[in-house]
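The structure under discussion appears below in the form of structure tokens.
Protein chains in written order, with the numbering used here: chain A, 1 to 435; chain B, 1001 to 1435.
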């Protein structure tokens, strides 16, 4: 398996939002393999359950939650955390739906930015809400939700007799790495009594960077739930995703099925604010891999400072790459001039359309040529096998952008030499195809 | 973490349906940690994706599927596989619901045995179907679905104007380890056009035992989908669950959200029967841990014969334990006289009610005393820390049985010495509490 597999530890693996792991990550997987533990009921994995609860509350604190009040669990991936959040938002607000189901009731609607992750569409398929009820709010040119349009969209939904129940703020979009204005969204969530979920799967990791985190993530304390995936920016092995909730019992309240063969009655009294110790009651599944251990060990070993150093290095690299592309502005164009985090998105401009007026006279054709160039260069890059960098289309303010490169400047072992090489290679291949 | 954790490698860890893993299991976790791969799109984990597809089809063959036609994916746990199966059953039969959602449509109903796994209740919460629409079919005294009642229940649901869409046959129930008659259920599934899902999370592993598998699992080839968890009986580390489908494209058809940033258009033509190579399209999540590798390596190393030897040893152990309990029939009573697989369920009968007529004169009080004895002995066992064995209540043919012990005779390193010790200990503690 090893020699023929994709080497995620190569610094030029910039294809996805995860990168290589590290020795602590590998050791933590080894430890999980040895223990073969299961964080569904406390008594079979008491230590691992406590580690999960501790890590959840430490993360919650960073996001401004009350440490003795918040809760959460890990889930196998951010999409799963988002699915659990969607189910929980619905079941907490409309508990009778757990038994009755949606048939015969009003249409429930949720609001996401047009650049939010597709897991909310999948969640709509899975939860029976239906993807038509996922209402897409346009983004500005930087990829942030246009909150000025949100209010009108919620009202329109109410006017149609629907029942809005949830709004998602994305902190770090998948393609552009943009951050929705959480505080402004929280205000509207309060007005309309919507569950506020912050999908910080990607950008939430920047909470560890004092330089960038607080500004980008302001307002998370107002969220009812937050997704954060340390397997993305922090080098924790796949998968490690946390769903945090402001109230400790929200997930169990929503998701328990009271399976008495597995979850026995507790001996003592339980307070309404207590963290439910049988973590499986909070999940949509049964058995649970103790993924929190991986974050716990990484945090212990590298510390908050170690995480911060890694993130700040990555942010500097992203700025360097942006600068290099700006310097060659004839050949390259940035999708966002000043990216908020680690996603640097850009087009190569083919020679044939570089100096003429096509962009003004026939913008559709101009866009088509840009998209075509991206895909051709990408095909060559993949054949060469030196660089893995993905491409993507995108909707911005309801306009479809042509395919562009998305460099995820996340690998911890990435240097300016690699970044120069990448820009040079794309330009070289582009010129070759131009000829 | 190690010294204070529950030792799942102890042969007397018989609390759950999983047991210890083995060196190959630990190595496979180490390898996954090193690779940090992701089986969502083919190009980032081509080898791991091929391994997953190969393992899926090899398993499919064992269950009687056509190897060049079947498909499937791994999911993080059996409950998740069952959830994906439920969503898929619905979306394949009613594709318009993906967009429209359930509101305004008819009530969808699914049919499970009263002893089926609670993941279908959780699935009903999550999918918006509602737990009231999960119709529970009574079981016979051995824990098998009473198919004679299924027909009437489906008709009654139709008469209420509901839309039955799925029936679940459990192959290896959680508590008793019973097997529903798959063939008889398949016949009714065909009559009423229901999606047939076989939840073989636990018992499906017996497909590797020529002695027991074929008889218990007859008819699986007729299933639209099958769940099997090699992390239970085969020593593969948690988690490793496969959802197999008779038709290769069923899962992708149901679950893809066409996220173009991630899943690009394939270069060549694709046949309707082709296995979709970007496995993430088939899942409810996004990123996917390549769990199939763990089963692949275990199968390569231990072989079908190695798995069979392990299972047959476990079956022999279960028979031995059953025999020992039968020999002490004054003190112990089996819930099922002749268990079908590895679950041996029994009560300790307290001295005070052992020789009198209470069972005949006041059966409710008799049952209460049995349940109480189980819980008291269990509390002492847990304090002693020598044996981990769980207890459970159960509904049988709509009658509630009092709590009893469930010994899962699965650990590969379990010997008759351990089994004797367990029976002796329970009797010793029981006698102590009797006094």
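All C-beta atoms, glycine included, are put in the ideal place defined by N, C-alpha and C. From a predicted model like this one, the values you see are computed outputs, not experimental measurements.
Distance from the CA atom of residue 1214 (chain B) to the CA atom of residue 188 (chain A), rounded to whole angstroms, is 59 Å.
Contact between residue 1128 (chain B) and residue 104 (chain A) does not hold, since the beta-carbon distance rounds to 11 Å and is not under 8 Å. As a beta-bridge residue in DSSP terms, residue 171 (chain A) pairs with A:179. Per DSSP, the beta bridge partners of residue 1226 (chain B) are B:1198, B:1244.
In the structure shown, the three-state DSSP call for residue 45 (chain A) is coil. By the Cβ criterion, the region 1240–1257 of chain B is not in contact with the region 170–183 of chain A, since fewer than three pairs of Cβ atoms, one from each stretch, lie closer than 8 Å. Counting only residues of its own chain and dropping the five nearest sequence neighbours on each side, residue 1091 (chain B) has a CB closer than 6 Å to the CB of 1098, 1254. With a cutoff of 8 Å on beta-carbon distance, residue 74 (chain A) and residue 117 (chain A) are scored as not near each other. Shown here, residue 332 (chain A) sits in a strand according to DSSP, grouped into three states. Assigned with DSSP and collapsed to three states, residue 1193 (chain B) falls in coil, not helix or strand. Along the length of the region 1313–1389 of chain B, whole alpha helix (DSSP H) runs at least 4 residues long occupy 1351–1354, 1358–1361, 1363–1384, reported in chain order. Here residue 1226 (chain B) has 1063, 1198, 1200, 1204, 1220, 1244 as same chain residues with Cβ atoms under 7 Å from its own Cβ, once five neighbours each way along the sequence are excluded. Contact annotation: the region 314–328 of chain A touches the region 402–411 of chain A, with at least three C-beta pairs closer than 8 Å.
The Cβ atoms of residue 1242 (chain B) and residue 1034 (chain B) do not sit closer than 8 Å to each other.
Residue B:1236 holds the alpha-carbon nearest to the alpha-carbon of residue 1018 (chain B) among B:1418, B:1109, B:1236, B:1161. Within the region 98–133 of chain A, the runs of beta strand (DSSP E) that reach at least 3 residues and sit entirely inside it are, in chain order, 108–113. By a beta-carbon distance limit of 8 Å, residue 153 (chain A) does not contact residue 182 (chain A). Their separation comes to about 18 Å. Judged by DSSP secondary structure, residue 430 (chain A) falls within the alpha helix (DSSP H) whose first and last residues are 416–434. Look at the region 1232–1250 of chain B: the residues with a C-beta under 7 Å from a C-beta of chain A are 1237, 1238, 1239. Shown here, residue 1079 (chain B) sits in a helix according to DSSP, grouped into three states.
Residues of the region 1025–1047 of chain B with a C-beta less than 9 Å from any C-beta of chain A: 1025, 1026, 1027, 1028, 1029, 1030, 1031, 1032, 1033, 1034, 1035, 1036, 1037, 1038, 1040, 1041, 1043, 1044, 1045, 1046, 1047, listed in chain order.
The CB of residue 20 (chain A) comes closer than 8 Å to the CB of 1036 in chain B, given here in chain order.
Around the beta carbon of residue 45 (chain A), a 10 Å sphere encloses 16 or more other beta carbons of the protein chains shown; the residue is thus reported as buried. DSSP places residue 137 (chain A) in the strand class (E or B) of the three-state scheme.
Taking a beta-carbon distance threshold of 8 Å, residue 1136 (chain B) does not count as an interface residue toward chain A. By the criterion of a C-beta distance shorter than 7 Å, residue 1207 (chain B) is surrounded in its chain by 1062, 1063, 1213, 1217, once the five residues flanking it on both sides are discounted. Beta-bridge partners assigned by DSSP to residue 1013 (chain B): B:1388. Under DSSP, residue 405 (chain A) takes part in a beta bridge, and its partners are A:346, A:391. Residue 110 (chain A) counts as buried, since no fewer than 16 other beta carbons sit within 10 angstroms of its beta carbon. Listed along chain A, the residues sitting closer than 8 Å to residue 1099 (chain B) by beta-carbon distance are 130, 131, 132. Residue-level contact check: residue 1354 (chain B) does not touch chain A, since none of the beta carbons of chain A fall below 8 Å from its beta carbon.
Using a Cβ distance threshold of 8 Å, residue 1115 (chain B) and residue 1388 (chain B) do not count as a contacting pair. A straight line joining the alpha-carbon of residue 1407 (chain B) with that of residue 1141 (chain B) spans about 18 Å.
For residue 347 (chain A), same chain residues with a beta-carbon under 8 Å away, outside a window of 5 residues either side, are 332, 333, 335, 370, 373, 374, 402, 404, 405 in chain order. Counting of Cβ neighbours within 10 angstroms places residue 1290 (chain B) among the buried residues, the total reaching 16 or more. Taken through DSSP and simplified to helix, strand or coil, residue 95 (chain A) comes out as coil.
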